[in-house]
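Our numbering puts the sequence shown at residues 1 to 146. Note that the Cβ used here is the ideal one computed from N, Cα and C, for glycine as well. First comes the structure, then the notes that go with it.
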Amino acid sequence: MSDLIIKLADYQEDFPKIEEIRRIVFQEGQGVDPDLDFDGDDEISEQLIAYLDNEAVGTARIRYLNDKTAKIERLAVLPIARGQGIGKKIMEKALLVIASKNIPEVVLHAQEYVKGLHQQLGFQEEGEVFEEAGIRHVKMKKYLNC
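Spelled out as C-alpha cells, the structure:
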C-alpha cells in the first residue's frame, strides 16, 4: 500500500473532505438521503479521516452514547481506494481511539454486506437484520479490554 495516514480529523479543516467522501459513497453510491447522512451529530462526534498519498479517501465517525458505550458510524471509503484494507485500518484506528478513553463497549450498525469486516475485528451480531436508510443492516457489538 502507498502512504496511508489515518488521523482524528480537524473539524474545520477536514470536514469538507469528509462531506465529499460521504456524498460520493452514501448519497451517490447508495441513494441515501443527505438529511439521513448529515443528521446533526457530526459536530458532537469525533471524525476520522484517511489520506492515501495525501488524498482524502476514507472516513468514519465516533459518537459517544454515554461513558460506557461508543458507536462507530459512517464508515466510508471511496470506490477508487477500495480493496486495500483501508476500511479495516480506519476501524482499527477508531477502536484504539475509543480504548484510549477507557470506553468498554463499542456498537455499530453494519451494512449487511460488510459485516464480515467487523467480525474480523471481533464484533458480534446482535438481533435481526433491519433496514436503515433503505439498506439492510445488522447491529454489532464488541467489548474492549480497557
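Is it buried or exposed, residue i, if we count other Cβ atoms within 10 angstroms and call 16 or more buried?
i: Ser100; result: exposed
i: Leu65; result: exposed
i: Val114; result: exposed
Are the beta-carbon atoms belonging to residue i and residue j less than 8 angstroms from one another?
i: His137; j: Val129; result: yes
i: Ala50; j: Ile98; result: no
i: Ile133; j: Val32; result: The residue you asked about is not Ile; residue 133 is Ala in the sequence shown. A contact, by the Cβ cut-off of 8 angstroms.
Quick check: what's the CA-CA separation for residue i versus residue j?
i: Ile44; j: Ala110; result: 21 angstroms
i: Lys17; j: Leu75; result: 14 angstroms
i: Ala56; j: Ile72; result: 19 angstroms
i: Val107; j: Ala70; result: 6 angstroms
i: Ile103; j: Leu144; result: 8 angstroms
Quick check on DSSP: helix, strand or coil for residue i?
i: Leu96; result: helix
i: Arg22; result: helix
i: Val114; result: helix
i: Gly87; result: helix
i: Lys7; result: strand
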